[in-house]
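A short write-up of the structure that comes next.
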Amino acid sequence: MDLTRYAELFLTESREHLSAINHLLLELERAPTASEPVTAIFRAVHTIKGMSATMGYAAVAALSHELETLLDRVRHGRLSVTSEVLDACFAAADALERAIESGAVEGGDGSGVGVDAAIARLRALGGAVPDAETTRPEDGGGGEGPTGQLVEVRLEAQTPLRGARAFLIVKRAQSLGRVHSVTPALEALQAERFDRTFSLRIDTLADRASIERTIRSVGSVEHVAVEGAGAGADAARSAARQAADAAAGRPARHVRMDLRRLDNMMNLIGELVITRGRLDALARQVDDAALHESMDQASRLISELQDEIMLSRMVPVWQVFDRFPRLVRDAVRSSGKEVELVVEGKEIELDRSMLDEIGDPVVHLLRNAIDHGIETPEERRGAGKSAMGRLTLSASRERSSVIVRVTDDGRGIDRGRVLAKARGMGLVDETRTELTDEELIRLIGRPGFSTAERVSDLSGRGVGIDVVYTRVRGLGGSVEIKTAAGRGTTVTMRLPVTLAIVRALLARVGQETYAVPITHVRETVSLERTRPRTVRGAEVLPLRDDVLPLMRFRRLLELPAADGRGTQVIVLEAGDRRLGLVVDELTGQQDIVVKQFDAVRGGAAIFSGATILPDGSPALILDVGSLL
Amino acid sequence: MSQTVLICDDAIFMRTMIGDILTQSGFEIVGEAETGVQAIDRYKQLQPDLVTMDIVMPDMGGIDAVREITRFDPEARILMCSAMGQQALVVEAIQAGARDFVVKPFQPSRVLEAVQRVLG
Chain A
1 MDLTRYAELF
11 LTESREHLSA
21 INHLLLELER
31 APTASEPVTA
41 IFRAVHTIKG
51 MSATMGYAAV
61 AALSHELETL
71 LDRVRHGRLS
81 VTSEVLDACF
91 AAADALERAI
101 ESGAVEGGDG
111 SGVGVDAAIA
121 RLRALGGAVP
131 DAETTRPEDG
141 GGGEGPTGQL
151 VEVRLEAQTP
161 LRGARAFLIV
171 KRAQSLGRVH
181 SVTPALEALQ
191 AERFDRTFSL
201 RIDTLADRAS
211 IERTIRSVGS
221 VEHVAVEGAG
231 AGADAARSAA
241 RQAADAAAGR
251 PARHVRMDLR
261 RLDNMMNLIG
271 ELVITRGRLD
281 ALARQVDDAA
291 LHESMDQASR
301 LISELQDEIM
311 LSRMVPVWQV
321 FDRFPRLVRD
331 AVRSSGKEVE
341 LVVEGKEIEL
351 DRSMLDEIGD
361 PVVHLLRNAI
371 DHGIETPEER
381 RGAGKSAMGR
391 LTLSASRERS
401 SVIVRVTDDG
411 RGIDRGRVLA
421 KARGMGLVDE
431 TRTELTDEEL
441 IRLIGRPGFS
451 TAERVSDLSG
461 RGVGIDVVYT
471 RVRGLGGSVE
481 IKTAAGRGTT
491 VTMRLPVTLA
501 IVRALLARVG
511 QETYAVPITH
521 VRETVSLERT
531 RPRTVRGAEV
541 LPLRDDVLPL
551 MRFRRLLELP
561 AADGRGTQVI
571 VLEAGDRRLG
581 LVVDELTGQQ
591 DIVVKQFDAV
601 RGGAAIFSGA
611 TILPDGSPAL
621 ILDVGSLL
Chain B
1 MSQTVLICDD
11 AIFMRTMIGD
21 ILTQSGFEIV
31 GEAETGVQAI
41 DRYKQLQPDL
51 VTMDIVMPDM
61 GGIDAVREIT
71 RFDPEARILM
81 CSAMGQQALV
91 VEAIQAGARD
101 FVVKPFQPSR
111 VLEAVQRVLG
C-alpha cells in the first residue's frame, strides 16, 4: 500500500491536533487541576500517535507515545501539573510539530529535530518506570479507539527465561509492523514480572493468521489470540478515515482544496477582469444595442464570479492568530514580565495569502510590546499600574479594509531615546529637544532604526518596526503608530481585504499611466480651482477648512514640471493623514489585478506593484502608505 | 548436504554435548571456538549455517561476538546458550542480533526445537 497519498491528510490533521494541543496546554496552565484539558490533549496526542505509527514516522510516534504516557499519569492523578510538567509538554508539542513537518513534508521519518531531547525530558518527569504498568493505556478516549490489532500471548508453563522469550516475541512481532504498546510494559516483561500472559498492540498489514503463525514460531507459545481491527490494511486505513470523519463531521460541508488551485483561480479571474475591461472599451466603439446588452451581462457575471472566488479565499484570522497566545506565553516567560493577551475579532476574514503575510509583522509587534513596551511588574507598580501588563491583538472590518491592531499598556516609545539616536545619526538637527508625533513615527519607521540597546531573544537583532512598515505597505496597506509616554503604544495596520484585485484610480503623468488604489483616495479636485500656497518652503493645498501638504508626482518621478493645464489633485488618505498628489490627468477607474514586486530597497519605493491595463499597457501601482 | 554448525563454548563438556545432540540429528559440526575472538574468526572463515554461542566466554563474551558476527553477516543465525538467571544477558544478546536461545541444562528436544526455529 502506498502511504504517501495519506501524507497530506496526515499533515493537515496533525496540524489541527497540534493547534488544539497548544491551546489546551495554555488552558491547563491557567487551571492546572482541570481534568478536561488533560483528557482532550491525551486524545489529540493519541490520534497523532496512531496516525504517525501508521505512516511509519517513528520519531513522531515515539514522542507522542511518551507524551501520552505522561498525560496518562496526570490523568490518573499520579503526577500533578507543575510548571516543569507544562514546560516539558510545551517543548514536546514543539518537537512534535517539527517532527511532523519534517516527516511529512520532506518524507523523512522526522528524526533529528529535537525529538530525543523532548522524550528524555518527558521521561525525566516520569521518575521510575512503574512496575507492570501498561505502556499505553487501553482507553484511547473519544470513541476513535486504539488503532492496530491486539495480540494476546500465553507462554507454556515450563518456559525457561520467560522474560527473554517474551522479549523475543515482541521483537519478532516488530518484524510484522509497529508494536506500539506492550502490556505489561516491556521492561516488566524482560524482568519476568508477569505470569505467563502478556499482550501487545501492533499496526500491521499482516492478517490474523500470519500474525499468529509468526508469534508461534518464536517457540514456547501455548496460545495466541489476535483481535481488533481484523484483517489487513484496516489499521493503515484508519488514519485516513479519521481525517475524513473529522472533515465530514462539521456542520457546513467543506472540501479541502490545494491553495495553489485557489491562487490559479484568482489569477485567471484577474486576467478575465482585465480582458473584460478591454472588451468593454472595444464594445463602446460599436453602436450595437444587443452587443452592449450581452457585454453588460457578461460583465455582471464576471463580477459575481470574482466575488465568489474572493469569498472562497477568505479565512478567519484565528487561523493565524491562534498560534499567538502560545508565542506570547513563551516570550513572557523568558522576559520575567507579567502579560495578559487579549485577542479580539478572531472571526474577521481576510484573504488567505494576505493572512499568511501579516503573521510575521504581528509576531514582531507582539514581541516588541513584550520586550520593550510592557514594563517589569515592579516598574508598573511603581507607576501606579497593575503588575499585569495588557496586550491586545484585535481585528476589525472597516469599509473595504481590515484593521489589525496591536495595543499595549506599557511605557510607550521613549521619545528621549529616539531623539538622542536620531541626533546621533544626523537625522534631525543637533539643537532639537523635542520631536513631533509625525517625526517620531517617521524615525522609528526608518530601516535599521531601533532604540533597542540589547539584543534579545524576543525582538530579534535590531530589526525595527520598519520591517512591519515594509511588509504592510507591500500588501497595499498602511501602518499607524500612536504612543503615549507611560500609557502605551498602539500599532494599527490597515490592510485591503484582498491582495489580488483592487479598484484603482488611473492617472497619467508624462507618458505613463499610474494606478492609485481607490481605498486611499478621498476625493479629486482640479488644481486650477484651488490655490496652492507655499508655507515655509513647502507647497500646501488649502481645502475647505483644512490645509494639506501638496506633492507633485512629476517631481517624485524627476520629470520636468508640466504646463499645468488640466492638472488634477488626488486627495490621498490613510488613517488620519492626508495629502494632495498632483497628476497630469485622471483617465478613469478600473479593477486592476495586482502583480506584486519587490521594490528596490532604499530607493524611492513608492510603488507596491504593477498591473496590466485594459489596453494592454503596464501601469505601476502607487504605494500610498509610503507617501503619507 | 547437511547443514553446518559452529559451536562456541569455553567448556569442552558443553561443546561435546551440543555436538552430539546436533550430529545425531544430521548436522555437520564444522568448527568449534573457545573464546569470543575465536568465534568471530572461525565464523568468517567457515560461514556456517548455524552458530551456538555461550554467553560467558574468556577474552570476548558471547554477546560481543554476536554483535561482531552480525555486523559481518546480518543474516547470521546464532542460537544463544544460556543458564538460568541470565535473562538480562539473553535479552541483550537478542538485541545484538541472536535469533533464539536455549537454557541449560540442555534437553536435546528443546535444543533441536530451537535450532529448527533458528534455521526455519
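Quick mapping for you: the protein sequence lines, in order, are chains A and B. Our numbering puts the first residue of the first sequence at 1, with every later residue one more than the last. Our numbering puts the first residue of the second sequence at 1, with every later residue one more than the last. Note that CB positions come from ideal geometry on N, CA and C, so glycine has one too.
### Task
Give the straight-line distance between the Cα atoms of A:Glu192 and A:Leu9, rounded to the nearest whole angstrom.
Stepping through the first sequence from its first residue, residue 192 of chain A is reached at position 192. Stepping through the first sequence from its first residue, residue 9 of chain A is reached at position 9. Roughly 41 Å separates the two Cα atoms.
### Touching by the beta-carbon criterion (3+ pairs, under 8 Å), the stretch 314 to 328 of chain A and the stretch 269 to 277 of chain A
no
### Whole-angstrom C-beta distance between A:Thr407 and A:Thr392, which should lie under 8 Å
Taking the first residue of the first sequence as 1, we reach residue 392 of chain A at position 392. Taking the first residue of the first sequence as 1, we reach residue 407 of chain A at position 407. The pair is a contact, with the Cβ atoms about 4 Å apart (cut-off 8 Å).
### Query
Around the Cβ of A:Ile348, are there at least 16 other Cβ atoms within 10 angstroms (buried) or fewer (exposed)?
Residue numbering aside, residue 348 of chain A sits at position 348 when the first sequence is read from its first letter. It counts as buried.
### Query
Cβ atoms of A:Thr214 and A:Leu176: under 8 Å apart, would you say?
In the first sequence, counting from the first residue as 1, residue 176 of chain A sits at position 176. In the first sequence, counting from the first residue as 1, residue 214 of chain A sits at position 214. Yes, the pair counts as a contact, with Cβ atoms nearer than the cut-off.
### Message
Is there a C-beta anywhere in chain B that falls below 8 Å from the one on A:Ser217?
### Response
Locating residue 217 of chain A in the first sequence gives position 217, counting from the first residue. A:Ser217 counts as touching chain B.
### DSSP beta-bridge partners of A:Glu480
On the first sequence, position 480 is the one that residue 480 of chain A refers to. Paired residue(s): A:Thr492.
### Task
Could you tell me whether any Cβ in chain B is nearer than 8 Å to the Cβ of A:Glu192?
Residue 192 of chain A sits at position 192 when you count from the first residue of the first sequence. Yes, its Cβ sits closer than 8 Å to a Cβ of chain B.
### Distance CB(B:Phe101)-CB(B:Leu119) smaller than 8 Å
By 1-based counting over the second sequence, the position of residue 101 of chain B is 101. By 1-based counting over the second sequence, the position of residue 119 of chain B is 119. Not a contact, by the Cβ cut-off of 8 Å.
#### Entry: Residue range of the alpha helix (DSSP H) that includes A:Glu271
Along the first sequence, one-based indexing puts residue 271 of chain A at 271. Here the alpha helix (DSSP H) through A:Glu271 covers Leu259 to Arg284.
### Query
By a C-beta neighbour count over all protein chains shown, 10 Å radius and 16 as the cutoff for buried, is B:Gln24 buried or exposed?
On the second sequence, residue 24 of chain B is found 24 positions in, with the first residue counted as 1. Exposed, since its Cβ has fewer than 16 Cβ neighbours within 10 Å.
### Task
Can you check DSSP and say which residues form a bridge with A:Glu523?
Against the first sequence, residue 523 of chain A aligns to sequence position 523. The partner list for A:Glu523 (beta bridge, DSSP) reads A:Val571.
### Task
Classify B:Lys44 as buried or exposed, calling it buried when 16 or more other Cβ atoms lie within 10 Å of its own Cβ.
As a first step, residue 44 of chain B must be located in the second sequence, where it is residue number 44. By the 10 Å Cβ count, B:Lys44 comes out exposed.
### Query
Looking only at its own chain, which residues have a Cβ that is under 6 Å from the Cβ of A:Asp591, when we skip the five neighbours before and after it?
Counting from one through the first sequence, the residue named residue 591 of chain A turns up at place 591. Correct list, in chain order: Val273, Ile501 and Arg503.
### Task
Starting from the N-terminal side, write out each stretch of the alpha helix (DSSP H) that is 4 residues or longer and does not extend beyond the stretch 347 to 410 of chain A.
352 to 368 and 377 to 382
#### Entry: Counted within 10 angstroms of its Cβ, other Cβ atoms place A:Pro618 as buried (16 or more) or exposed
Here residue 618 of chain A refers to the residue found at position 618 when the first sequence is read from its first residue. When all chains shown are included, A:Pro618 counts as exposed.
### Message
Out of B:Thr16, B:Gln107 and B:Glu34, which one is the CA nearest neighbour of B:Ile55?
### Response
Translated into positions along the second sequence, residue 55 of chain B becomes position 55. Ranking B:Thr16, B:Gln107 and B:Glu34 by Cα distance to B:Ile55 puts B:Glu34 first.
### Task
Compile a chain-ordered list of the residues in the stretch 164 to 184 of chain A whose CB is closer than 7 Å to at least one CB of chain B.
Ala164, Phe167, Leu168 and Lys171
### Query
Using a C-beta cutoff of 8 Å, does A:Gly462 count as contacting chain B?
For the purposes of this step, residue 462 of chain A is identified with residue 462 of the first sequence, where counting begins at 1. Below a pLDDT of 50, predicted positions are generally treated as unreliable, and A:Gly462, at 39, falls in that range; no measurement from the model is reported.
### Message
Let me see if you follow: with CB-CB separation under 8 Å, is A:Pro160 close to chain B or not?
### Response
Start at 1 with the first residue of the first sequence, and residue 160 of chain A comes out as number 160. Yes, contact with chain B.
### Query
Excluding five sequence neighbours on each side, which residues of the same chain lie with their C-beta closer than 6 Å to the C-beta of A:Arg703?
No answer is possible for residue 703 of chain A: the residues shown for chain A start at 1 and end at 628.
### Query
Taking the alpha-carbon positions, what's the A:Ser459 to A:Leu259 distance?
What you label residue 459 of chain A is simply residue 459 of the first sequence in a count that begins at 1. What you label residue 259 of chain A is simply residue 259 of the first sequence in a count that begins at 1. A caution first: A:Ser459 carries a pLDDT of 42, below 50, which makes its placement in the model unreliable, though a value can still be read off. If you take the alpha carbons of A:Ser459 and A:Leu259, they lie about 31 Å apart.
### Task
Name the one or two DSSP bridge partners that B:Thr4 has.
For this step, residue 4 of chain B is matched to residue 4 along the second sequence. According to DSSP, B:Thr4 bridges with B:Glu28.
### Query
If you draw a straight line from the alpha carbon of A:Leu301 to that of A:Ile48, how long is it in whole angstroms?
Within the first sequence, numbered from 1, the residue matching residue 301 of chain A stands at position 301. Within the first sequence, numbered from 1, the residue matching residue 48 of chain A stands at position 48. In a straight line, the C-alpha of A:Leu301 is about 45 Å away from that of A:Ile48.
### Message
Excluding the 5 residues flanking A:Gly510 on each side, which residues of the same chain have their C-beta closer than 6 Å to its C-beta?
### Response
The sequence position of residue 510 of chain A within the first sequence is 510, counting from 1. Cβ within range, chain order: Leu559.
### Task
Take every Cβ of the stretch 292 to 311 of chain A, pair it with every Cβ of the stretch 377 to 392 of chain A, and state whether three or more of those distances are shorter than 8 Å.
no
### Query
Using 8 Å as the threshold, is the stretch 195 to 202 of chain A in touch with the stretch 165 to 184 of chain A, meaning 3 or more CB pairs across them?
yes
### Message
Just to confirm before moving on: does the CB-CB distance between A:Val479 and A:Met493 stay below 8 Å?
### Response
Position 479 of the first sequence, counted from the start, is the residue given in the question as residue 479 of chain A. Position 493 of the first sequence, counted from the start, is the residue given in the question as residue 493 of chain A. A contact, by the Cβ cut-off of 8 Å.
### Query
With C-beta atoms as the reference, is A:Met265 less than 8 Å away from A:Ile309?
Along the first sequence, read from residue 1 onward, the residue named residue 265 of chain A stands at position 265. Along the first sequence, read from residue 1 onward, the residue named residue 309 of chain A stands at position 309. Contact: yes.
#### Entry: Cutoff 8 Å; reference A:Gly410; Cβ partners in own chain excluding five residues on either side
Reading the first sequence from its first residue, position 410 is the one you call residue 410 of chain A. Excluding sequence neighbours, A:Gly410 sits near Ala369, His372, Gly373, Ile374, Glu375, Gly389, Gly488 and Thr489.
#### Entry: Status (buried if at least 16 other CB within 10 Å, exposed otherwise) for B:Ile12
For the purposes of this step, residue 12 of chain B is taken as residue 12 along the second sequence, with counting starting at 1. Exposed, by the Cβ-count rule.
### Message
Please report the straight-line C-alpha distance between A:Leu613 and A:Arg278, rounded to a whole angstrom.
### Response
Sequence index remark: in the first sequence, residue 613 of chain A carries index 613 (1-based). Sequence index remark: in the first sequence, residue 278 of chain A carries index 278 (1-based). Cα-Cα distance, rounded: 8 Å.
### Residue-level contact to chain A via CB, B:Val90, 8 Å cutoff
Numbered from 1 along the second sequence, position 90 holds the residue referred to as residue 90 of chain B. It does: the Cβ of B:Val90 has a partner Cβ on chain A nearer than 8 Å.
### Under the three-state DSSP convention, the category A:Asp330 falls into
As a working note, residue 330 of chain A is residue 330 in the first sequence. In the structure shown, A:Asp330 sits in a helix (DSSP, three-state: H, G or I).
### Message
Using a Cβ-Cβ cutoff of less than 8 Å, which residues in the same chain neighbour B:Leu46 once the five nearest sequence positions on both sides are dropped?
### Response
Numbered from 1 along the second sequence, position 46 holds the residue referred to as residue 46 of chain B. Taken in chain order, the residues that qualify are Thr4, Leu6, Val30 and Gly31.
### Query
Assuming A:Glu357 and A:Leu262 make a contact with CB atoms under 8 Å, what is their CB distance in whole Å?
Against the first sequence, residue 357 of chain A aligns to sequence position 357. Against the first sequence, residue 262 of chain A aligns to sequence position 262. Between A:Leu262 and A:Glu357 the Cβ distance is about 15 Å, and since that is not below 8 Å, they are no contact.
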